[in-house]
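Residue numbers (UniProt numbering): 1 to 223.
Even glycine gets a Cβ: it sits at the ideal position worked out from N, Cα and C.
Since this is a predicted model, take the numbers as computed values, not measurements.
1) How is the beta strand (DSSP E) around residue 165 delimited, first residue to last?
2) Quick check: the Cα distance between residue 15 and residue 205, rounded to an integer number of angstroms?
3) Short of 8 Å in beta carbon distance, which residues of its chain neighbour residue 17, apart from the five on each side in sequence? Order them along the chain.
4) Report the option in 182, 152 and 175 whose CA atom is closest to the CA atom of residue 13.
5) Which partner residues does residue 11 have in the DSSP bridge list?
6) Indicate the three-state DSSP secondary structure (helix, strand or coil) for residue 55 in the structure shown.
7) What are the uninterrupted segments assigned as alpha helix (DSSP H) that are 4 or more residues long and contained completely in the segment 177 to 223, given in chain order?
8) Tell me which same chain residues have a C-beta within less than 7 Å of the C-beta of residue 182, skipping the five on either side of it?
9) For residue 85, name the three-state secondary structure that DSSP assigns.
10) What is the rounded straight-line gap between the Cα of residue 154 and the Cα of residue 41?
11) So what does residue 20 bridge to, in DSSP terms?
12) I want to know whether the segment 103 to 118 touches the segment 154 to 174 - three or more CB-CB distances under 8 Å.
13) For residue 209, is the classification buried or exposed, using 16 other Cβ atoms within 10 angstroms of its Cβ as the cut-off for buried?
14) How big is the Cα-Cα spacing for residue 86 and residue 185?
15) Below 7 Å between beta carbons: does that hold for residue 177 and residue 7?
16) With three or more C-beta pairs closer than 8 Å as the rule, is the segment 94 to 103 touching the segment 56 to 73?
17) Please determine, among 84, 222, 63 and 50, the residue with the shortest C-alpha to C-alpha distance to residue 119.
18) Between the alpha carbons of residue 101 and residue 53, how many angstroms are there, rounded?
19) I need the straight-line Cα distance from residue 80 to residue 27, nearest angstrom please.
20) Buried or exposed for residue 161, please, with buried defined as at least 16 other CB atoms from any protein chain shown within 10 angstroms of its CB.
21) Under a three-way DSSP split, which group does residue 40 fall into?
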């Protein structure tokens with residue numbers, strides 16, 4: 001039976017309140033909330049809707065301990081009730097996946113024959129020339145992190161804290177969790193309820209330091 005979950009926190013507050021949790025309580029995340037977090041995160045955009053992200057949901061303590069050993073023994077990996085191994089599948093560019101995406105569009109009644117033909121011809125050319133990225137892993141990481149960002153904000157809207165981590169030995173994680181060669185690990189994401197004291201807000205650079213007007217380096221301002 002489907003149970004509709006209602007967020008506890010609005011989007012703006014979720015963005016403002018989200019912090020990387022360094023230690024977690026043992027409280028579990030209910031299956032309904034975890035499923036909602038995962039399903040809503042998959043609404044993230046991706047190039048050509050190819051959806052290259054793949055997530056291994058790790059909840060068993062034995063497996064979390066094994067993952068922690070591959071992640072420089074970071075305590076949040078062992079403490080959090082759920083840890084996701086967030087991956088990008090380089091095979092997303094293959095014709096089998098393109099065909100699956102076309103079928104999704106047909107089922108949603110949003111796919112025309114002309115656009116389906118465009119996808120079949122343009123996607124292979126795009127990945128052959130790859131004008132905006134050097135490696136396929138760079139492309140899959142780019143889109144996987146979009147989904148991870150969605151996931152952290154959705155989680156916070158349900159009162160669930162998170163911690164994205166890039167401190168791990170990729171080869172060890174791939175071996176321990178049977179991850180295929182063509183799948184790359186983008187990051188780990190711990191989910192749960194943060195222990196106090198919570199990590200304090202570290203500040204952000206002002207707009208005029210990171211945003212430019214029309215060309216790089218030109219001062220930006222809202223007029």
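A quick look at the data gives this:
1) Per DSSP, residue 165 belongs to the beta strand (DSSP E) from 161 to 165.
2) Those two C-alpha atoms are separated by around 16 Å.
3) Excluding sequence neighbours, residue 17 sits near 9 and 156.
4) Looking only at 182, 152 and 175, the smallest Cα-Cα distance to residue 13 is reached by 152.
5) Partner residues in a beta bridge of residue 11, as assigned by DSSP, do not exist.
6) For residue 55, the three-state secondary structure derived from DSSP is strand.
7) With a minimum length of 4 residues, the continuous alpha helix (DSSP H) runs that stay inside the segment 177 to 223 are 207 to 210.
8) For residue 182, the CB contacts under 7 Å within the same chain, skipping 5 residues up- and downstream, are 89, 90 and 91 in chain order.
9) Judged by DSSP in its simplified three-state form, residue 85 adopts strand.
10) If you take the alpha carbons of residue 154 and residue 41, they lie about 7 Å apart.
11) Residue pairing for residue 20: DSSP places it in a beta bridge opposite 162.
12) A contact is defined here as three or more CB-CB pairs under 8 Å, and the segment 103 to 118 fails this definition with respect to the segment 154 to 174.
13) Under this definition residue 209 is an exposed residue.
14) The straight-line gap from Cα to Cα measures roughly 6 Å.
15) Taking 7 Å as the Cβ cut-off, residue 177 and residue 7 do not qualify as a contacting pair.
16) No, the segment 56 to 73 is not in contact with the segment 94 to 103.
17) Distances from the CA of residue 119 to each of 84, 222, 63 and 50 were compared; the closest alpha carbon is that of 50.
18) CA-to-CA, the gap between residue 101 and residue 53 works out to about 14 Å.
19) Whole-angstrom Cα-Cα distance: 9 Å.
20) Answer is buried; the Cβ neighbour count reaches 16.
21) It is helical.
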